[in-house]
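Below is one structure; the comments refer to it alone.
Number of protein chains: 2
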Amino acid sequence: MPSTASRLNYIKTSPIRRIASLLDEVRRRSDIISFGGGAPSLPPPKEIIDYLVDKLRNDTQKTVGYCGTRGLPELRELISNDLKENYGIEYDPSSEIIITDGGTEGIFLALSSIIEKGDEVIIMDPTYLGYSEAIKLLEGRVRKIPVKVEDGYQPNLEDLKHIISPVTKAFILLSPDNPTGRIIKEEFVKGLVDLAVDNDFWIIYDAAYKYITYDAVNPWVDKYSGARERTITINTFSKEASLPGFRLGYSTGPKEIIDAMEKIKQYVSLAPDTVGQYALLKFYQDGIKEKYLKDIVIPTYKKRRDLMYSLIKEHLPDAKTVKPEGAFYFFVDISHYLELMNRDDEEFANRLLYRKNVIVIPGSHFGDTGRNHIRMTFVSESEERIIEGLRRIGAFVFSYTL
Amino acid sequence: MPSTASRLNYIKTSPIRRIASLLDEVRRRSDIISFGGGAPSLPPPKEIIDYLVDKLRNDTQKTVGYCGTRGLPELRELISNDLKENYGIEYDPSSEIIITDGGTEGIFLALSSIIEKGDEVIIMDPTYLGYSEAIKLLEGRVRKIPVKVEDGYQPNLEDLKHIISPVTKAFILLSPDNPTGRIIKEEFVKGLVDLAVDNDFWIIYDAAYKYITYDAVNPWVDKYSGARERTITINTFSKEASLPGFRLGYSTGPKEIIDAMEKIKQYVSLAPDTVGQYALLKFYQDGIKEKYLKDIVIPTYKKRRDLMYSLIKEHLPDAKTVKPEGAFYFFVDISHYLELMNRDDEEFANRLLYRKNVIVIPGSHFGDTGRNHIRMTFVSESEERIIEGLRRIGAFVFSYTL
Numbered sequence: 259m260p261s262t263a264s265r266l267n268y269i270k271t272s273p274i275r276r277i278a279s280l281l282d283e284v285r286r287r288s289d290i291i292s293f294g295g296g297a298p299s300l301p302p303p304k305e306i307i308d309y310l311v312d313k314l315r316n317d318t319q320k321t322v323g324y325c326g327t328r329g330l331p332e333l334r335e336l337i338s339n340d341l342k343e344n345y346g347i348e349y350d351p352s353s354e355i356i357i358t359d360g361g362t363e364g365i366f367l368a369l370s371s372i373i374e375k376g377d378e379v380i381i382m383d384p385t386y387l388g389y390s391e392a393i394k395l396l397e398g399r400v401r402k403i404p405v406k407v408e409d410g411y412q413p414n415l416e417d418l419k420h421i422i423s424p425v426t427k428a429f430i431l432l433s434p435d436n437p438t439g440r441i442i443k444e445e446f447v448k449g450l451v452d453l454a455v456d457n458d459f460w461i462i463y464d465a466a467y468k469y470i471t472y473d474a475v476n477p478w479v480d481k482y483s484g485a486r487e488r489t490i491t492i493n494t495f496s497k498e499a500s501l502p503g504f505r506l507g508y509s510t511g512p513k514e515i516i517d518a519m520e521k522i523k524q525y526v527s528l529a530p531d532t533v534g535q536y537a538l539l540k541f542y543q544d545g546i547k548e549k550y551l552k553d554i555v556i557p558t559y560k561k562r563r564d565l566m567y568s569l570i571k572e573h574l575p576d577a578k579t580v581k582p583e584g585a586f587y588f589f590v591d592i593s594h595y596l597e598l599m600n601r602d603d604e605e606f607a608n609r610l611l612y613r614k615n616v617i618v619i620p621g622s623h624f625g626d627t628g629r630n631h632i633r634m635t636f637v638s639e640s641e642e643r644i645i646e647g648l649r650r651i652g653a654f655v656f657s658y659t660l
Numbered sequence: 259m260p261s262t263a264s265r266l267n268y269i270k271t272s273p274i275r276r277i278a279s280l281l282d283e284v285r286r287r288s289d290i291i292s293f294g295g296g297a298p299s300l301p302p303p304k305e306i307i308d309y310l311v312d313k314l315r316n317d318t319q320k321t322v323g324y325c326g327t328r329g330l331p332e333l334r335e336l337i338s339n340d341l342k343e344n345y346g347i348e349y350d351p352s353s354e355i356i357i358t359d360g361g362t363e364g365i366f367l368a369l370s371s372i373i374e375k376g377d378e379v380i381i382m383d384p385t386y387l388g389y390s391e392a393i394k395l396l397e398g399r400v401r402k403i404p405v406k407v408e409d410g411y412q413p414n415l416e417d418l419k420h421i422i423s424p425v426t427k428a429f430i431l432l433s434p435d436n437p438t439g440r441i442i443k444e445e446f447v448k449g450l451v452d453l454a455v456d457n458d459f460w461i462i463y464d465a466a467y468k469y470i471t472y473d474a475v476n477p478w479v480d481k482y483s484g485a486r487e488r489t490i491t492i493n494t495f496s497k498e499a500s501l502p503g504f505r506l507g508y509s510t511g512p513k514e515i516i517d518a519m520e521k522i523k524q525y526v527s528l529a530p531d532t533v534g535q536y537a538l539l540k541f542y543q544d545g546i547k548e549k550y551l552k553d554i555v556i557p558t559y560k561k562r563r564d565l566m567y568s569l570i571k572e573h574l575p576d577a578k579t580v581k582p583e584g585a586f587y588f589f590v591d592i593s594h595y596l597e598l599m600n601r602d603d604e605e606f607a608n609r610l611l612y613r614k615n616v617i618v619i620p621g622s623h624f625g626d627t628g629r630n631h632i633r634m635t636f637v638s639e640s641e642e643r644i645i646e647g648l649r650r651i652g653a654f655v656f657s658y659t660l
């Protein structure tokens, strides 16, 4: 066999993806309780499925045909109107919006459009693990600022200032956050934008969970003075429309960047999924999106969040965590228990799965600062199964620390 | 605005993608006859759509949920069985097959897995224009061997031998071919495999049109002695199942390469479209695939091919072309007319669209050897409209060469 490319050595396999594959294989073992990947367990709005079924039946060829690389113009127009009406931000549907294969492709195309070998991209630690690997795949360098449970997982502007260098090319901001559920403070956003202007770097704002907020209001980065021309916002339909299987999202930004992302996308994936885009046309009509989020998604997840919070307090009283203001996850510092058990977070997660059929994600996968933590999503299982899962975790820890 | 990445300067925008976007925008101007992009105009098998509708209605969440990065295990098993039964080639469904976002992502991931900066990849000239741009995007170097209408667009082994160098990393073979419709001769495949073994390079075999053959039998590259361990085969469902909008395909190869492609895919697009994969499960059941290809696709396209061939002879008697043995396209040398018109192929295509509402693709987009040619697909329009389109082209040429 001829040799493979060295870029493969820069990156590591996503543990969450490994779990997704595992779940594919063992889907029928229903006694596995997953607090692992952030897959919504709610069905998408029924109206969307009905609309899509109708399109598939009555306009088959158009619905399963190719579309342009930036996606259906009708969908981009609906998105543009939605952003204007809900956030007061204007993006031209033909030149400043591109439909992508989920948020993941948005990140990849945005980074591909801006970074060169050796350029530095600043991310938080812990953070979504896809960022560092995408940066390294493109031969960029990853710089990190730590965020800690004591600060409510809020980053510190001083840490950011100290890490900025002449080769800083971008900062990636995720809010609401994965893995911590933290919503970024407005003060940090203002400071970040000022630093980006002064040091001429990009802000990649990952708004994957923008609609999934419980208490706090999530700031919309592009609205801050000076941000618009240097912000690329990454969105996905996987979370807000509970449609991850369609692999669709959208990115907004200055025309030049959307042009660049389109140019690269031609040779990465050609065009986005047309079928799912037709389904999403309905998401933006008849108030379906607002109703679905307000009446179903937020109340359901909020209840599960509150439940999981009280269960963590009950079964893991010496763990430290922050009640998430948004997104899907608890990030729990279990140092106390790991010390008693003489295990690290990876061993903890492996044994928990093996012994109790419960999936959690080891915190160290999200960065060095995430060591001795576990991430648990509260959206993939019902309340009943969240109760059962935490009971199992409690029993697991108890059996070790007796 | 901060600066963008230099990789954007290496690549050019695909003219076919520009046309796809244009078509999105003007879809209602039904008087445009498109011999442009190779989009099937046949509907997919009805059974597939029925099956998908049933899945969407009765098993919504699983159907629109995430799947593992390599795709649904059930689909990979069906593909594995299909390859074994139809071609006698064995690929292990769990380790040697990956579902991709169409053939485009297959090519991108395969190249990403094997080439380094400065590595050379040999392609034909003319050929599918995505190859050169994907190679350049990854900082590889493109080398070309010419193929000519006089040789029936068959490449020459001597040309290949002369261009191989110590940094040759791969050869991309597309058969049946785009833009020429040529099916590769077995003799060339044998010689290619021997050269790949002797010089230790990869063969990327793009089998996008493998089932779309009219007269000749398409050789299956992996079956030749020595090829299996150095061949990555790229497949797409866009052409054979008439489902381009789902953006799905699959690649096969040695375990190490499929592992590598999966690793990179995690950070490029996370996972393939789940919904479309469920639809495709049905494609491989109840003999639907064989029946669809044998009873509908091949006869329909063959009739259109024969029709277009006779119309080219009638309306462009001084053009030179080869009746395609497979795929979707005529590649037509119109040097005679361009000389009389004092135009190049790009100007010809632009004016033809402007004056006669007919889309053809300029041959020079497929490589220097493609100059003075046009590519016309015969699968996107009905026979009636093929007749009308060629009539318009004839009138257009006549008006200039009077």
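Going down the list, the protein sequences come from chains A and B.
Residue 259 is where the first sequence starts when you use our numbering, and the numbers rise one by one after that.
Residue 259 is where the second sequence starts when you use our numbering, and the numbers rise one by one after that.
From the three backbone atoms N, C-alpha and C, an ideal C-beta is built for every residue, glycine too.
Predicted model only: the values in this text are computed from it and were never measured.
Element boundaries [beta strand (DSSP E), containing residue i]
i                : result
tyrosine 469/B   : First-last for tyrosine 469/B: undefined, no H or E at that position.
valine 533/A     : Segment 532-541 is the alpha helix (DSSP H) holding valine 533/A; no beta strand (DSSP E) there.
alanine 428/B    : 426-432
isoleucine 462/A : 460-464
valine 379/A     : 378-383
asparagine 493/A : 489-494
isoleucine 556/B : Run containing isoleucine 556/B: none in the beta strand (DSSP E); it sits in the alpha helix (DSSP H), 556-573.
isoleucine 357/A : 355-358
N-terminal and C-terminal residue of the alpha helix (DSSP H) that residue i is part of
i                : result
aspartate 312/A  : 304-316
methionine 599/A : 593-599
proline 404/A    : No alpha helix (DSSP H) contains proline 404/A, which is instead part of the beta strand (DSSP E) from 399-404.
glutamate 445/A  : 444-457
glycine 507/A    : Premise fails: glycine 507/A lies in the beta strand (DSSP E), 507-510, not in any alpha helix (DSSP H).
aspartate 417/B  : 415-421
isoleucine 546/A : 546-549
Buried or exposed by the 16-neighbour rule on C-beta atoms within 10 Å, applied to residue i
i              : result
lysine 375/A   : exposed
arginine 315/A : exposed
glycine 545/B  : exposed
tyrosine 587/B : buried
proline 424/A  : exposed
alanine 653/B  : exposed
Beta-carbon proximity of residue i to residue j, cut-off 7 Å
i                : j                : result
tryptophan 460/B : alanine 428/B    : yes
asparagine 589/A : histidine 623/A  : A quick correction: the sequence has phenylalanine, not asparagine, at residue 589/A. Contact flag unset, no.
alanine 466/B    : lysine 497/B     : yes
lysine 521/B     : threonine 362/A  : no
tyrosine 508/B   : isoleucine 355/B : yes
glutamate 639/B  : isoleucine 290/B : no
isoleucine 357/A : aspartate 480/A  : no
DSSP-derived helix/strand/coil call for residue i
i                   : result
serine 292/B        : strand
asparagine 615/A    : coil
asparagine 344/B    : helix
glycine 364/B       : helix
arginine 633/B      : strand
valine 526/B        : helix
glycine 503/A       : helix
valine 580/A        : coil
proline 331/B       : helix
serine 658/A        : Correcting the residue type first, residue 658/A is tyrosine in the shown sequence and not serine. Three-state result, tyrosine 658/A: helix.
phenylalanine 588/B : strand
proline 301/B       : coil
isoleucine 437/B    : The sequence as given places proline at residue 437/B; isoleucine does not occur at that position. Note: proline 437/B maps to coil in three-state DSSP.
proline 351/B       : coil
Residue of the options minimising C-alpha distance to residue i
i                   : options                                   : result
isoleucine 516/A    : Ile556/A, Arg328/A and Lys304/A           : Arg328/A
tyrosine 309/B      : Ile644/B, Lys540/B and Gly296/B           : Lys540/B
lysine 578/B        : Ile592/B, Met566/B and Gly584/B           : Ile592/B
phenylalanine 636/A : Pro413/A, Tyr536/A, Val616/A and Tyr411/A : Val616/A
glycine 410/B       : Ile430/B, Ser483/B and Thr438/B           : Thr438/B
isoleucine 373/A    : Ala518/A, Arg613/A and Thr627/A           : Ala518/A
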